[in-house]
Amino acid sequence: MTVVRQTAAEQATATGRRRASFHTLTVAEVRRLTEDAIEVTFGVPAELAGQYDYLPGQYVALRTTMPDETGQPHEVRRSYSICAEPRSFADGTSEIRVAIKKDLGGLFSTWANAELKAGDQLDVMSPMGAFVSKHGRDGKTVEQNVMNSMNHPEDLAGEPGSFVAIAAGSGITPVIAIARTLLAANPETRFDLIYANKAAMDVMFLEELADLKDKYPSRLALHHVLSREQRIAPLLSGRIDAEKLQALLGTAIHADDVDEWFLCGPFELVQLCRDTLAARGVQPEHVRFELFTSGKPDRPEGNIGRPVIADESKETYKITFKLDGLEGKVESPTHARESILNAALRVRPDVPFACAGGVCGTCRAKVVTGSVTMDENYALEQDELDKGYVLTCQSHPTTPDVTVDFDV
0 MTVVRQTAAE QATATGRRRA SFHTLTVAEV RRLTEDAIEV TFGVPAELAG
50 QYDYLPGQYV ALRTTMPDET GQPHEVRRSY SICAEPRSFA DGTSEIRVAI
100 KKDLGGLFST WANAELKAGD QLDVMSPMGA FVSKHGRDGK TVEQNVMNSM
150 NHPEDLAGEP GSFVAIAAGS GITPVIAIAR TLLAANPETR FDLIYANKAA
200 MDVMFLEELA DLKDKYPSRL ALHHVLSREQ RIAPLLSGRI DAEKLQALLG
250 TAIHADDVDE WFLCGPFELV QLCRDTLAAR GVQPEHVRFE LFTSGKPDRP
300 EGNIGRPVIA DESKETYKIT FKLDGLEGKV ESPTHARESI LNAALRVRPD
350 VPFACAGGVC GTCRAKVVTG SVTMDENYAL EQDELDKGYV LTCQSHPTTP
400 DVTVDFDV
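With numbering that gives the first Met the number 0, letter number 368 in the sequence shown gets 367, and the count goes up by one each step, no holes.
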C-alpha cells in the first residue's frame, strides 16, 4: 500500500482550516532570556514537519500533566507564540521555538522556567492563530499562506509596506518573528516597534532586537519604553497611557502612513491602542491584535470538561456538534449555563481548545442551527462573525437545539 502524506497546509487548502492536533515533541534546547523568561526549542521530526509549518505570529499550545493543589494528576494547557521565523533543514526536520515568561502564580510557566530541560517531552499542538500579516495577500486565508512559509519566506510579505508594532513584555514574542520576516522579505519595507517593559533587565530578546537594528538601520526603528526606569528621553519613560500613546504616535511614529498595525500585550494596553487608532481613523481591517489573556479565565478541567450535575426535573439544551466528520450529541442543563466547549468535551475529549478564555480561537466552530450568545471574543474578526463562527469556549445556547460544526 502506498501512503501519500498530505501536509497540514495542503489539508487546510482543501478544507479551509487546519485541524488542531497534538503530537509529542522533544525539547532540543532551553535558553535563558531574562531572569524570568526562557526560549524553548522543540525539534520536529521529518514525518511531522507538515503538521508544524506556520506563519510568523502564530502560536502553539503546550500540554502536560501536573499535580493540582491536592496532588492529583491534572492536565494543563498553555498557549505560547512562536518567536522565530519558519526554519527547515536539509534532512526534512524543522523546529518550533517559543518563549515562556514566568507569571506570578503561573503553575506551568513557573515549572517550565525552573525545571524544563533539553530531552524533556511535551505535547505540542499544531500552530494556529491569525495574528499574522495580511498585507498584499489578496484575501488568502492564513492556512493557505502557510504552504510556502518554510522554504519561501519571500512569499510571506507580499508588497512592500510600512508596519508598526506596539508590544509589552512577552508580547514581543510573535512580533519579533513578524518583524524579522517582513524586513527580510522586502528591501523597501519599514518596521517601527514600540516595546514597553518595566526595566531594561526585563526586555526579552534584547540582543536579538539590537542585532536586527544593526542589520536594518534605516528600515527598523526601535522605541524602548520603560515604566520603572528613567530614560534620557522623557517620552520613553513611564507607563504608556493615553497621553503618552498620542505623543508617541505624533512624534516617534508616522501614524498616518502605516499599512498594518500589530498590537500584543495585556488587555488594557491593547484596548487603549485599538481605541486610539480607531479615533485617528485607522480602519479595523488594518489592525492585528493578540492578548496575553482576557483577564477572565474559565478553563475546562483538563480535557474532560467541568463536571455538570444534571437534574432530570430541569430542562436541557440539546447540543449537536460535528468534528472530524463524526457527529456528537450531548445534553446540557439549562440552569448550568455550560459552554458548548465544556459540554462537548464531556463526550469527545479531542474537541480542540487551548486557552478557553476567548483569546486564542482554537475552539472556533460555525453555528449551523439554533443560536448562541458569546460572552467574550478577542480572536474572531468581523467577517468570521458574519459567517456564523463562534468561540465555543465562550458560547452558550439560547435555543433548545443547537448544532455547531468544528470542521468548516
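Cβ coordinates follow ideal geometry from the N, Cα and C atoms, glycine included.
Beta-carbon proximity check, residue i vs residue j, cutoff 9 Å
{"i": "A164", "j": "L262", "result": "yes"}
{"i": "C179", "j": "S161", "result": "Position check: residue 179 holds Arg in this sequence, whereas Cys was assumed. No, Cβ-Cβ distance for R179 and S161 is not below 9 Å."}
{"i": "E330", "j": "G356", "result": "no"}
{"i": "F21", "j": "V97", "result": "no"}
{"i": "T391", "j": "L340", "result": "yes"}
{"i": "L290", "j": "F266", "result": "yes"}
{"i": "D255", "j": "R279", "result": "yes"}
{"i": "P126", "j": "V224", "result": "no"}
{"i": "A342", "j": "A19", "result": "no"}
{"i": "K116", "j": "V26", "result": "yes"}
{"i": "L192", "j": "L121", "result": "no"}
Residues that DSSP places opposite residue i in a beta bridge
{"i": "P283", "result": "Bridge partners of P283: none, in fact."}
{"i": "C263", "result": "A166, E289"}
{"i": "F190", "result": "F162, L219"}
{"i": "T275", "result": "Bridge partners of T275: none, in fact."}
{"i": "M373", "result": "S394"}
{"i": "E485", "result": "Past the boundaries of the shown model lies residue 485; the chain is included only from 0 to 407, so the question cannot be answered."}
Top-ranked residue by Cα proximity to residue i, from the options
{"i": "F130", "options": "A277, Y53, G324, L32", "result": "Y53"}
{"i": "A364", "options": "S394, E337, R347, Q381", "result": "S394"}
{"i": "A166", "options": "D122, L221, C354", "result": "L221"}
{"i": "Q381", "options": "Q282, D210, L115", "result": "Q282"}
{"i": "P66", "options": "K101, I99, L106, V39", "result": "L106"}
{"i": "I37", "options": "G104, A209, I81, G360", "result": "I81"}
{"i": "A48", "options": "T63, D90, R77", "result": "D90"}
{"i": "V367", "options": "P348, V350, D400", "result": "D400"}
{"i": "T372", "options": "G387, R76, G264, F320", "result": "G387"}
{"i": "S338", "options": "I318, S87, D323", "result": "I318"}
{"i": "E187", "options": "Y215, L208, A209, I99", "result": "Y215"}
Spatial distance of residue i from residue j (CA atoms)
{"i": "P396", "j": "D404", "result": "14 Å"}
{"i": "Y51", "j": "V43", "result": "8 Å"}
{"i": "Q57", "j": "K313", "result": "43 Å"}
{"i": "H73", "j": "Y316", "result": "28 Å"}
{"i": "R345", "j": "P332", "result": "13 Å"}
{"i": "A176", "j": "G128", "result": "14 Å"}
{"i": "E300", "j": "T69", "result": "Here the model assigns E300 a pLDDT of 48, short of 50, so the residue's position is not dependable, and the following value carries that caveat. Using only the alpha carbons, I get a separation of about 14 Å."}
{"i": "T402", "j": "D213", "result": "54 Å"}
{"i": "K133", "j": "V123", "result": "26 Å"}
{"i": "A111", "j": "D119", "result": "11 Å"}
{"i": "A183", "j": "E206", "result": "18 Å"}
{"i": "Q71", "j": "Q270", "result": "38 Å"}
{"i": "V286", "j": "T275", "result": "12 Å"}
{"i": "A251", "j": "W260", "result": "15 Å"}
{"i": "L244", "j": "R218", "result": "22 Å"}
{"i": "G104", "j": "T63", "result": "18 Å"}
Validate contact between the stretch 221 to 240 and the stretch 22 to 34 using beta carbons, cut 8 Å, 3 pairs: no
Inter-stretch contact at 8 Å, needing at least 3 Cβ pairs: the stretch 196 to 211 / the stretch 222 to 236: yes
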